Every structure is written in structure tokens, then in C-alpha cells.
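Reading through the C-alpha cells given below for one structure.
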Amino acid sequence: MQLTKRAVNVDRSPMTLGEKIYLPAIAKGLKITMGHIFKKKATVSYPEQTRPFSPVFRGLHVLNRDEQGREKCTACGLCALACPAEAITMEAAERKKGEEHLYREEKYAARYEINMLRCIFCGYCEEACPKDAVYLSETIMPSNYSRDYFIYKKEDLLITEEQMKKRAATGKG
Amino acid sequence: MLLLSIDWIFIIEKVALILVIILASFGIAAYATWGERKVAAIMQDRIGPARAGIFGLLQPLADGGKLFFKEEIVPDRSTKTLFILGPALFMITALMTSAVIPWGPDFTISTDSGIRTVSLQVADINIGILYIFGVVSLGIYGVMLGGWSSNNKFSLLSAIRAASQSISYELAMGLSLIAVLMLTGSLSLRDIVSQQHGFWQDGYFSWNFFKQPVAFLVFLVCTFAELNRAPFDMPECESELNMGYHQEYSSMKLGLYLFAEYINMFISSAVLSTVFFGGYNFPWMDQVASAVPSGLFSLICVSVLMIKVIGFILFFMFIRWTLPRFRYDQLLNLGWKGLIPLALLNLVITGGVILFFFNK
């Protein structure tokens, strides 16, 4: 029974003299390999050179700030609810007087943790967030030997000055 | 006094030459490993070792250092003496072959006691080629002992393969060389080289390659088999025998096996260039010799030989990364049914031609 039309019968006829002395075949092979000397190398020397990310790449999470540098997150919990891997934990707190320059809304996240070992980088948290407070950047998850390292606290997630500038300049994190 | 009549300078000269040759063998073998990886990389559109030093030039040091610091394991059920003797023998025989190869022409130094001629050959023995054959056949004992004493089925199979392959191809190798020796009439490598003087002599090319192309072809193929190199690397055929005869070896004992293989490659290239490609001879060497001092001329000759040797080493590498491995029956068929008859035919034709046309 033939499953596809691509099947080719193997040629089992005895080798001709030209094939038996192997030399023409060796010359042909050498021609191919020699041709590769001048081809472009496929290697990317990674830490020095990087390949551009695709526009839909989803890397490490960042907690965003507004134009005045205030945290956008209101600890509503929608991201934790949307998370299929249940990687997000948070605790809410009320904004006190005199903290208006730190938090934009009256409620904020006192604790905000993402367990990166659970996270599947699906980006649902970014979609669920009503305040545009969490988004996925273009940073690759760094590796580590200890488990504790992978539970990212709020301090690890909050956007840095550098990222702010880059985001302002390129529109991407 | 007998002691006083010893030519001390002669001994110092030879010891220095031996040291230089052995160190050069080590250096070239070390950089052959680097070159092999670069060649492999280039043929596969990669860039190869590039991290250790510029262009990865310190890679051989890193590899060697790594091997030195690996744990040394001697299998419990192995025959310990032979297990240790194996790589040592392989290395010693690899280094011994270089003794009869003429690396360059003699040069003269004028000293207080007169003009002194310095030879760039450790020993000019009149059976040079036979010596090389003898030592190369001893080399297989290193593989045999190592594979056999490891008490491992794969190693034993591999050692048997290596031995039978070596015996089969040494026959064809010897026969192909006899045709060349009929032309030269001498077994001394120095004579063989001096007969290939220059490039053009008496209206024909002087290098043996142009006189005996078939013998060269047979010899080259047999060299691949003797070196256990792809496409004839049956003894270490990964897909069938894991790692072959050095499966149980670790640390520097493994390193010696791998390293000696590269030294063998270097020496084989030197023998190939000496016997077939005129050794240190190059076109217009007489004009060069009259223009420069004899010391510099010797240096030029040595570099010419080295260029030929490196060319052959590169050729070995290109072949390795081009061809797939032969099957074992194909290998023996090619040896016994292909190369030996071809070498015999070449021998008969050469004999006939010498008898009827050059019989003076």
C-alpha cells in the first residue's frame, strides 16, 4: 500500500566502475564542502551580538509607573485572577496622606510577587490589567541556581529609570 | 682516550635537533586539533572555537589542561600494566618515526676548527623507509593492548578491527611503495629526496608524484586507513562501538591516544611529502641556493616542507569532514580486492617500463 506519492524506489543495481573507485564521488563531495568555506556563517556570537526580538516577544514582567513616576498598580487582583499558572500574589494597602507622589490611586500593592518558575509568559496579566500597570518586557529570564531567586518581589519588578527612558524613546520595554 | 674522541658537538647537535623535532611535533599536533575544529566549523558554516584567545588560538592549551585535571580511572577488571602501556606505546611509536625524515638540506657553519656541516636529519639510515614501516606497524600494538586490556567488549572489537585494518592496508602500502623504490633504487629517505631535486629535471617533473601517480593514490588511501581517520575510522566508529579502543580511558591517557593520532597525521604527511612531493625541494631552488647563505636556504627548505605537510594535514581534515564512514566489509573489500591488485599492477607495469626503456 502506498501512503504518499513521494516514495522512491531504492536503486539496488550493482555499482558501476565509476562508483566502485569512489574517486568521482569524493571529488563531488569535496566540491560541496569546499564551497561552504566562502558561505556566510550562521553563528551569532551571543553575548556580544544579539538577534532582534519579534514584536510579540513576551519576556520578564515590569510594573509600570505613570508620567510623574507614581506606581500605576491598584492591587485590584485581576492579573492574579487571569493568571492560568497562578504565579501572581499580591497584598493591597491604602494610600496614606503624603504618599500621593508614590501611588497614583488610593489603593496600592504593598506586596506584589511573581513566581517566575510558575509563570508561562502567556501575557494574560498584561491583557487583564485595567490600569496598564503590568506589561511584559523584552528581557530574557536570567538563570540561577537557587529557587528563591525566581520569586520576583515588587522591587525587582518595578520599572527602573533606565527602562523608563528606553520606553519613552522607543515605545518598547 | 676513547672519551676524548667522541664528537661532543655532534651529539649536542643531534640532541638539539631531536628536541626541536619532538617539540614541533607536539606543537603542530596541538594546533592540528584546533585546525580540525576550525575546518569542521567552516565546512558546516559555523565559526568554531573563538573564545580562548584570539581566533580561539589558546584552545589546545585549554583542552590539554582540562584533560590533565580529569579523574584518572583504571577499570577494576583491566590488566593494569598493559592498560597503562597501551597509550604510552602509541605515543612513543608516533614520535619515533620522525627520526629518519630529512627536514632540510645540510648547511655549513664556519668554526675555528674549520667548516662544519650540520645535517637536518636525526639519522640517515640506509633502510629509512623500512624503519618507518616497522615503527608504524608497532604503533598498532598500542591500540591492540589498550583495547584488549580494558576488558570491554567494544574496546576488544575495536582493537581487532584496528589490527586487521592495519594489516590489510600495510600490504597495499608496501606494494605501492616498491614501485617508487624501483625508480629510486634506494631505501634511504635522504637519497629519495635528493633524487627529486628541484622541480624539473631531464625534461620531466622530478617529483615522484608525477612518475608514480597510481602509487601515490594507493599510498594516500592506505595512509588514511593506517591513521584510523575518516572515512576509515572503523576502530572508533561511534555509532557501532561507542568510542572504540579508548572507551575505558580517561584523563591524560585518553589525551595521549588522541594526541598521538595527530602526531601520526603530522608524520604521515611528512612521509607523503618526502616520498612523493619532493620533500624540501621546490622549483628554482638552485637559483635561490646561490642567492642566499646556506643557513637561510636550509630554513627556506624546511618551511617549504612544512607548507607541504600542512597542506596534507588540511587535506586529511577536508576528507574527514566530507565523507561518511565506510562499512567494514567495504573497507576490507577496497583494501584486498581494490588496492592490492592495483598496487601489484602498478608494480608490474613499472618493472616492465624500467626493463624495456631504461635498462642500460
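From first to last, the protein sequence lines are chains S and E. Residue numbering for the first sequence follows our numbering, beginning at 1 and increasing consecutively. Residue numbering for the second sequence follows our numbering, beginning at 1001 and increasing consecutively. Don't be surprised by glycine CBs; every beta carbon is placed ideally from N, CA and C. On a predicted model such as this, the values are computed, not experimentally measured, just so you know.
E/A1172 places its beta carbon 8 angstroms or farther from that of E/V1143. The beta carbon of E/A1088 lies closer than 8 angstroms to those of G1142, L1256 in the same chain, with the five residues before and after it left out. No residue range can be given for E/G1053, since it is assigned to no alpha helix (DSSP H) and is classified by DSSP as neither H nor E. Against S/T33, the close residues of chain E are M1043, F1318, W1321, T1322, in the order they occur along the chain (beta-carbon pairs closer than 8 angstroms).
For E/K1337, the secondary structure class from DSSP, reduced to helix, strand or coil, is helix. Interface criterion not met: the Cβ of S/A169 is under 8 angstroms from no Cβ in chain E. Per DSSP, reduced to three states, the secondary structure at E/S1250 is coil, with no helix or strand assignment.
Residue pairing by DSSP puts E/G1114 in a beta bridge opposite E/T1111. Under the 8 angstroms criterion on CB atoms, E/R1046 is classed as interfacial with respect to chain S.
E/I1101 has its alpha-carbon roughly 7 angstroms from the corresponding atom of E/V1271. Remark: three or more beta-carbon pairs, one from each stretch, lie closer than 8 angstroms, so the segment 1215 to 1235 of chain E and the segment 1339 to 1354 of chain E are flagged as touching.
Within the segment 66 to 101 of chain S, the runs of beta strand (DSSP E) that reach at least 3 residues and sit entirely inside it are, in chain order, 88 to 94.
Beta bridge pairing from DSSP links E/N1208 with no other residue.
From the listed residues E/V1275, E/D1233, E/G1139, E/S1298, the smallest Cα separation to E/N1264 is found for E/G1139. Sequence-ordered contacts of the segment 35 to 57 of chain S with chain E read H36, I37, K39, K40, K41, A42, T43, S45 [C-beta pairs closer than 9 angstroms]. Of the residues E/F1259, E/R1229, E/K1038, E/A1123, the one whose Cα lies closest to the Cα of E/L1017 is E/A1123. Contact between the segment 92 to 101 of chain S and the segment 39 to 46 of chain S is not established, with fewer than three Cβ pairs separated by less than 8 angstroms. E/Q1121 sits in coil when the DSSP states are folded into three classes, being neither helix nor strand. Using a Cβ-Cβ distance cut-off of 8 angstroms, the segment 1238 to 1257 of chain E and the segment 1148 to 1156 of chain E are in contact, since at least three pairs of beta carbons, one from each stretch, lie closer than that value. Legend: CB atoms of the segment 1048 to 1076 of chain E lying less than 8 angstroms from CB atoms of chain S belong to residues A1050. Between S/C129 and S/L60 the beta-carbon gap is near 16 angstroms, outside 8 angstroms, which marks them as no contact. Nearest CB-CB separation between S/L30 and chain E: below the 8 angstroms threshold.
Looking at the backbone, the Cα of E/W1008 and that of E/S1113 are separated by about 14 angstroms. With respect to the 8 angstroms criterion, S/Y135 and S/V56 are not classified as neighbours on the basis of their beta carbons. Contacts with chain E at 8 angstroms (Cβ-Cβ) include S/I26. In this structure S/A25 is exposed. Its beta-carbon is surrounded by fewer than 16 other beta-carbon atoms within 10 angstroms. Between the segment 1029 to 1037 of chain E and the segment 1309 to 1317 of chain E, the count of C-beta pairs closer than 8 angstroms reaches three or more; the two stretches touch.
Taken in chain order, no unbroken stretch of alpha helix (DSSP H) lies wholly in the segment 1254 to 1280 of chain E with a span of 4 residues or more.
For the options E/I1006, E/P1105, E/P1213, E/F1259, the alpha carbon positioned closest to that of E/F1068 is the one of E/F1259. For S/R111, the pairing in a beta bridge is given by DSSP as S/E91. S/R118 is a Cβ neighbour of S/A85, given a cutoff of 8 angstroms. Shown here, E/W1008 sits in a helix according to DSSP, grouped into three states. Counting every other CB atom within 10 Å of its CB across the protein chains shown gives E/I1192 a total of 16 or more, marking it as buried.
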